[in-house]
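K.L.:
Chains as they are written, first to last, in my numbering: chain A, 777 to 1100; chain B, 5 to 282.
(1) Mind checking whether residue 248(B) and residue 927(A) have CB atoms under 8 Å apart?
(2) Quick check on residue 180(B) - is its C-beta less than 8 Å from some C-beta in chain A?
(3) Buried or exposed, going by whether 16 or more other CB atoms sit within 10 Å of the CB of residue 243(B)?
(4) Can you name the residues of chain C whose CB is closer than 7 Å to the CB of residue 1045(A)?
(5) Can you name the residues of chain B whose CB is closer than 8 Å to the CB of residue 918(A)?
(6) Using a Cβ-Cβ distance cut-off of 8 Å, determine whether residue 888(A) contacts chain B.
(7) For residue 103(B), which residues in the same chain have their Cβ closer than 6 Å to its Cβ, ignoring the five residues on either side in sequence?
(8) Can you find the residues in the same chain that come closer than 7 Å, C-beta to C-beta, to residue 252(B), ignoring five residues on each side of it along the sequence?
(9) Establish whether the CB of residue 855(A) and some CB of chain B are separated by less than 8 Å.
(10) What would DSSP say about residue 224(B), mapped onto helix, strand or coil?
(11) With DSSP run on the structure shown, which of helix, strand or coil describes residue 983(A)?
(12) Looking at the structure shown, is residue 82(B) part of a helix, part of a strand, or coil, going by DSSP?
(13) How would you list, in chain order, the residues of chain A whose beta-carbon sits under 7 Å from the beta-carbon of residue 300(B)?
(14) In whole angstroms, what is the alpha-carbon distance linking residue 226(B) and residue 938(A)?
(15) Below 8 Å on C-beta distance, what does residue 923(A) contact in chain B?
(16) Please tell me whether residue 107(B) and residue 179(B) are closer than 8 Å, where the distance is taken between their beta carbons.
(17) If you drop the 5 nearest sequence neighbours on each side, which residues of the same chain put their C-beta closer than 7 Å to that of residue 875(A)?
(18) Where residue 125(B) and residue 36(B) are concerned, what is the direct C-alpha to C-alpha distance, given to the nearest angstrom?
(19) If I measure Cβ to Cβ from residue 274(B) and keep anything under 6 Å in the same chain, skipping five residues before and after, which residues do I get?
(20) Using alpha carbons as the reference points, say which of 257(B), 268(B), 16(B) and 272(B) lies closest to residue 79(B).
(21) Looking at the C-beta of residue 938(A), does it have a partner C-beta in chain B at a distance below 8 Å?
(22) For a contact meaning CB atoms closer than 9 Å, what does residue 86(B) contact in chain A?
(23) Would you mind telling me which residues of chain A sit closer than 8 Å to residue 95(B), beta carbon to beta carbon, in chain order?
(24) Decide if the region 179–190 of chain B is in contact with the region 127–138 of chain B; the criterion is three or more beta carbon pairs, one per stretch, under 8 Å apart.
(25) Contact criterion: CB-CB distance below 8 Å. Does residue 968(A) meet it with respect to chain B?
(26) Just to make sure I have the definition right: I need the residues of chain A whose C-beta is within less than 8 Å of the C-beta of residue 268(B). Which are they?
(27) Taking 8 Å as the CB-CB limit, is residue 129(B) close to chain A?
(28) So which of 1066(A), 1088(A), 910(A) and 867(A) has the shortest CA-CA distance to residue 977(A)?
(29) Is residue 268(B) near the ligand ATP - that is, is its Cβ less than 7 Å away from at least one heavy atom of it?
(30) Using a C-beta cutoff of 8 Å, does residue 794(A) count as contacting chain B?
(31) Check distances from the C-beta atoms of the region 1059–1071 of chain A to those of chain B and list, in chain order, the residues that come in under 8 Å.
(32) Consider the Cβ of residue 840(A): report whether some Cβ of chain B lies at a distance smaller than 8 Å.
(33) Alpha carbon to alpha carbon, what distance is there between residue 825(A) and residue 96(B)?
(34) Taking DSSP's pairing of strands, which residues face residue 65(B) in a bridge?
(35) Of the residues that make up the region 1020–1034 of chain A, which ones have a beta carbon closer than 7 Å to any beta carbon in chain B?
(36) For residue 254(B), tell me which candidate among 66(B), 16(B) and 203(B) has the shortest Cα-Cα distance.
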């Protein structure tokens, strides 16, 4: 078990290092780092001073070590636009993104799990319809379903605001929308938009798992023992589906954070994804680099978390006879 | 696995997609207006609802007009061409890069195999959208850059699929026989392994094209893809977004329907219903 975790940790650190190297190559080796890192509006003397201060007159391997050292200390340079450290800019926006992605995941589970269980017990047209709808959920680009929701619920019906974050409540120095009714009104549309893909995914996964599980010996035995159908479903079939569900959702959480870029831009949600798009628009390279490294760290952490959950849920992994 | 029993797939399933592709092909003759020719646009006709008549001339804006007085139907037909071409070029390029790399990885093995597949694994552990965003952030916007980004995102899927099939084929007797005959490895690769790798690749390709069209639309919507002078469906939707809030839905929604029709059309035509995700 410890070996399994250590191996996963090692893999995670490798991914992180690879990303750091890629970003380094992209910024320092391919382009002219002076153009990327020094404000284009600086004059010649400022440039020379900045080149020296950034260590750009040193050899590439030496620069990489210095860059890693700075990154480890949380120094990823200052934003050209805001003039403040890029990393703290990202970290300020991180809670809003996590709040949005977390709510989206919650919505997906709340909608997808029961729908999938229900569809799995059915045959014929109902399942075909749910199957077709989930294909639609896959095919719709995120921004397209968001536009549709804005058109229906904000423009036509006028029930919900088309964007913004609404009133937030500060908890431990972090502002969150989930504690105020107005915050929820602003959160529900972007979260539903972001949840659509995962809901469709979950419906398919659970439908298939349920249909499959119900034909297995253990389910038929439970039924023969006289358990009501609902109990067979929740007590026996569901626990067996949970392992693939958690794996897939864990892996998809990374995608959810990536697609939050689209949702945040569409709904004007002030998360780090919107910051990234703004940074790309203004060529604010340090912020782009900081976003990448923070996101990669987040992915690696999530994957480790999924592995941990996996161990808790699946005794075969916990007892250590896994192949890793 | 007791999977969902598929409906008998109708022969006409490819018709919706074929109709859209055909409409895109003959767009110059089908479109009521050349949307790139600024001379024919009349700013006085900006943002007219569907079915309006042009202030001057005989044109009827069947699907309305956009903020430059451009006929939406024409803009959609031309935008559809861009979306299709970019999607095809991105996935086709990805296949042209990924398939040889997959063949090399399977046949050469050892360190080369390890290197190619580790890069593919590493890349596939990041969401495609994020990779494309990063590449475009570094390369700058433009349709050519989008194609490059799509190739960079998609080659790994093709490499992985090709390698997996090629490894199975390499273990079969006919390959041993071909080697025994002293055929050179390149010939074995191209004449014997590649043809057997094609069936799975041909089911992968349309799905990747659909994904590429989706990704291009998303990137263009974010303002990182198509230039304003050549709007793809995604950019048309982005242009209409601010007017959607004022209730002028047609500038965004109709290009969206064309986009959705294309992506769904590909799925329906190939008879695949997202099974590859689960």
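Heads up, the beta-carbon is just placed ideally off N, CA and C, and yes, glycines get one too.
P.N.:
Inspection of the coordinates gives the following:
(1) By the CB criterion at 8 Å, residue 248(B) and residue 927(A) fall inside the cutoff.
(2) Taking a beta-carbon distance threshold of 8 Å, residue 180(B) does not count as an interface residue toward chain A.
(3) By the neighbour-count criterion, in which 16 or more other beta carbons inside 10 Å mark a residue as buried, residue 243(B) falls on the buried side.
(4) No chain C appears in the structure shown, which is made up of the protein chains A and B.
(5) By Cβ distance, chain B contributes 222.
(6) False, the Cβ-Cβ gap to chain B never drops below 8 Å.
(7) Around residue 103(B): 162 and 166.
(8) Hits under 7 Å: 51.
(9) Not closer than 8 Å to any Cβ of chain B, the Cβ of residue 855(A) fails to qualify, so no.
(10) In the three-state scheme derived from DSSP, where H, G and I count as helix and E and B as strand, residue 224(B) is classed as helix.
(11) Note: residue 983(A) maps to helix in three-state DSSP.
(12) Helix at residue 82(B).
(13) Nothing about residue 300(B) can be reported from this structure: the residues present for chain B run from 5 to 282 only.
(14) Cα-Cα distance, rounded: 17 Å.
(15) For a Cβ distance threshold of 8 Å, residue set 241, 245, 248, 256, 257 and 260 of chain B lies close to residue 923(A), ordered along the chain.
(16) Not a contact, by the Cβ cut-off of 8 Å.
(17) Cβ within range, chain order: 952, 953 and 954.
(18) So the two alpha carbons sit approximately 48 Å from each other.
(19) Within the same chain, residue 274(B) has close Cβ partners 210.
(20) If we check each option's Cα against that of residue 79(B), 257(B) comes out closest.
(21) Yes, because at least one Cβ of chain B sits closer than 8 Å to the Cβ of residue 938(A).
(22) What residue 86(B) touches in chain A: nothing, since even the nearest Cβ is about 16 Å away.
(23) Within chain A, not a single residue places a beta-carbon under 8 Å from that of residue 95(B); the smallest gap is close to 16 Å.
(24) They do not touch, by the three-pair rule.
(25) At a cut-off of 8 Å between C-beta atoms, residue 968(A) does not count as an interface residue with respect to chain B.
(26) In chain order: 911, 912 and 915.
(27) Residue 129(B) has a beta carbon lying within less than 8 Å of a beta carbon in chain A.
(28) Considering only 1066(A), 1088(A), 910(A) and 867(A), the residue with the shortest C-alpha distance to residue 977(A) is 910(A).
(29) As for the ligand ATP, it is missing from this structure, which has no ligand bound.
(30) Yes, contact with chain B.
(31) Correct list: 1064, 1068 and 1071.
(32) Between residue 840(A) and chain B, the shortest Cβ-Cβ separation is not below 8 Å.
(33) When only Cα atoms are considered, residue 96(B) and residue 825(A) end up about 47 Å apart.
(34) Under DSSP, the beta-bridge partners assigned to residue 65(B) are 56(B).
(35) The residues in question are 1030, 1031 and 1034.
(36) Of the candidates 66(B), 16(B) and 203(B), the one whose C-alpha sits nearest the C-alpha of residue 254(B) is 66(B).
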